[in-house]
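Numbering (my numbering), first residue to last: 5 to 153. Below: one structure, written as structure tokens.
Spelled out as structure tokens, the structure:
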């Protein structure tokens with residue numbers, strides 16, 4: 005599954021979790037941001053599967069974020085990258101958001117769910133909200149500088 009999504013706000017509900025390994029923060033306004041996290045794949049199986057995920061932001065694309073899943077999870081054997089609005093991720097931590105290929109909603113106070121829709125199916129991934137907020141905080145300085153330029 006891979007896609008580019010443009011999603012207006014909407015409603016939804018579900019469940020969520022993750023552990024985090026972060027790259028060193030950067031204070032440069034021209035440096036890309038990458039946060040590596042562990043997320044949980046939500047399925048019908050009572051046993052959950054934890055996967056590595058890269059959250060990426062490039063100052064050259066100040067309105068977009070990328071979530072990248074590793075190649076070994078893809079039937080094609082390539083990295084699976086989803087690109088969608090930064091605002092969708094921000095809003096989805098507060099209330100259910102999205103009606104297109106990517107939907108985001110909070111699940112309790114410490115977890116969030118990101119749901120990815122493609123012709124191949126739907127993937128429901130659970131994240132620790134603290135990891136997503138930390139990533140978003142690291143994007144603000146580069147985004148603000150780029151928007152002013």
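Where a beta carbon is used, it is the ideal one built from N, C-alpha and C, also for glycine.
Buried or exposed for residue 4, please, with buried defined as at least 16 other CB atoms from any protein chain shown within 10 angstroms of its CB. Past the edges of the chain, shown from 5 to 153, lies residue 4, and the structure says nothing about it.
For residue 113 and residue 80, I'd like the C-alpha separation in whole angstroms. 36 angstroms
Count Cβ pairs between the region 38 to 49 and the region 127 to 144 that sit closer than 8 angstroms; are there 3 or more? yes
Quick one: any contact between the region 71 to 79 and the region 49 to 61, if contact means 3 or more CB pairs under 8 angstroms? yes
Let me know the secondary structure DSSP gives residue 107 once reduced to three states. strand
Just the C-alpha distance for residue 52 and residue 130, rounded to the nearest angstrom, thanks. 10 angstroms
Three-state class that DSSP yields for residue 96 in the structure shown: helix
Let me check one thing: in DSSP terms, what residues is residue 55 bridge-paired to? Per DSSP, 43.
Counting only the same chain and skipping the five closest in sequence on each side, list residues whose C-beta sits under 6 angstroms from that of residue 78. Around residue 78, the same chain offers 84 as residues with beta carbons nearer than 6 angstroms, after the five sequence neighbours per side are excluded.
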